[in-house]
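Remarks on the structure that follows.
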Amino acid sequence: MAVSVPAGGRGARGRRPDQLVGGRHGLTPEEVEASQRARIVAAMTIAVGDRGYHGVRVADVVWHAGVSRKTFYELFEGKEDCFAAAYGRWIDRMLETAFDAFETQTEWPDQLRAAMTALLGALAREPAAARLCFAEAVAVEGPVTETRERALERLSRLFMPPDLPAGPIGDTLRSGRVRELSETLRREIAAGRTESLPTIAPEVMCAMVLPFLGVEAAQHELDRRTAPAR
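According to the working numbering, the sequence shown is numbered sequentially starting from 165.
Written as structure tokens, this is what we have:
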């Protein structure tokens, strides 16, 4: 699934390429609102990618989106609400990409490898969204907190091998993998290595399968770094 942030910037008349022209345009009020909302969410993503959440002002967002402050506050309660909407949209898309890849395989290690490869690739293609979801959201409170908890719970469903122990032990193993994966992504993205994320897929898989399948399986994942192409 392709995911992308519309390019920022404006034309010679100060209008974004995707900005609606005022006056008669044949769209319903609902379509206009949806367009404005999508542009604002995309603008928040761009601004956070450039400045980080705490460096972003509503003025930055409305400028990138090509809307008025009045329109912004008609659609969002404020900066935190808008950030939560952007996070929700992007994390849903990223996880959908991972789960779609997961479903292409039948054996759990292969399923997880496909999901991790797809997720790392999607993040590398969308560095602004990657920063928003995995580097900035961890330090933001408010409306995004509940959305983030739901996303992490959904992510944990990838870590359910057939012989996963039931009860607290299995839950602890799954939550531990999600925390480690999230921290790895946060660290790499914060260090400016977002576009190189696909290259660490073997290391990520090694860490993810180790508690479930043991040292031999984890080493097998690392060996993929040097395995000859077939």
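Where a beta carbon is used, it is the ideal one built from N, C-alpha and C, also for glycine.
Predicted model, so just to flag it, every value in this text is computed and none were measured.
Given 8 Å as the limit, is there contact between the region 324-340 and the region 256-270, that is, 3 or more CB pairs closer than that?
Short answer: they don't touch.
Got a sec? Which residues, its chain only, sit under 6 Å from T281 by beta carbon, not counting five neighbours each side?
Taking the first residue of the sequence shown as position 1, residue 281 is located at position 117. Excluding sequence neighbours, T281 sits near A365.
Measuring CB to CB, does V225 end up less than 7 Å from A211?
Residue 225 sits at position 61 when you count from the first residue of the sequence shown. Residue 211 sits at position 47 when you count from the first residue of the sequence shown. By the CB criterion at 7 Å, V225 and A211 fall inside the cutoff.
I'd like to check one pair, A315 with I255: are the Cβ atoms closer than 7 Å?
As a first step, residue 255 must be located in the sequence shown, where it is residue number 91. As a first step, residue 315 must be located in the sequence shown, where it is residue number 151. Contact flag set, yes.
Under a three-way DSSP split, which group does V302 fall into?
One-based indexing of the sequence shown puts residue 302 at position 138. Helix.
For Y251, the nearest candidate out of E310, A382, V379, V196 (CA to CA)
As a first step, residue 251 is located in the sequence shown; it is residue number 87 there, counting from the start. Of E310, A382, V379, V196, the residue nearest in Cα terms is E310.
Report the rounded CA-to-CA distance for D264 versus Q275, giving the unit in angstroms.
Along the sequence shown, one-based indexing puts residue 264 at 100. Along the sequence shown, one-based indexing puts residue 275 at 111. Straight-line Cα distance between these residues: approximately 10 Å.
Just to confirm, are T209 and A262 a CB contact at a threshold of 7 Å?
Stepping through the sequence shown from its first residue, residue 209 is reached at position 45. Stepping through the sequence shown from its first residue, residue 262 is reached at position 98. Result no, Cβ atoms of T209 and A262 do not sit closer than 7 Å.
For my contact list, F266 and A279 are in at a C-beta cut-off of 8 Å; report their separation, rounded to the angstrom.
Stepping through the sequence shown from its first residue, residue 266 is reached at position 102. Stepping through the sequence shown from its first residue, residue 279 is reached at position 115. F266 to A279, Cβ: 4 Å. Contact.
Could you check the C-alpha separation between L361 and E352 for me, to the nearest Å?
On the sequence shown, position 197 is the one that residue 361 refers to. On the sequence shown, position 188 is the one that residue 352 refers to. Their backbone Cα atoms lie some 7 Å apart in a straight line.
Helix or strand or just coil, what does DSSP make of L191?
Residue mapping note: residue 191 aligns to position 27 of the sequence shown, counting from 1. Coil.
Between E385, V302, A229, which has its C-alpha nearest H218's C-alpha?
Sequence index remark: in the sequence shown, residue 218 carries index 54 (1-based). Selected option, being the one with the closest Cα: V302.
For M369 versus R277, is the C-beta distance shorter than 7 Å?
For the purposes of this step, residue 369 is identified with residue 205 of the sequence shown, where counting begins at 1. For the purposes of this step, residue 277 is identified with residue 113 of the sequence shown, where counting begins at 1. Result yes, Cβ atoms of M369 and R277 sit closer than 7 Å.
With DSSP collapsed to three states, give me the class of T270.
Working through the sequence shown from its first residue, we reach residue 270 at position 106. Residue state, collapsed to three classes: coil.
Nearest-angstrom beta carbon gap, P291 and E359 [assumed within contact, 8 Å]
Against the sequence shown, residue 359 aligns to sequence position 195. Against the sequence shown, residue 291 aligns to sequence position 127. Indeed, because the Cβ distance is near 6 Å, the residues count as touching under 8 Å.
If you drop the 5 nearest sequence neighbours on each side, which residues of the same chain put their C-beta closer than 6 Å to that of R389?
Residue 389 sits at position 225 when you count from the first residue of the sequence shown. These residues qualify, in order along the chain: P366.
Express the C-alpha separation of F236 and W227 in angstroms, rounding to a whole number.
As a working note, residue 227 is residue 63 in the sequence shown. As a working note, residue 236 is residue 72 in the sequence shown. Computed Cα separation, rounded: 11 Å.
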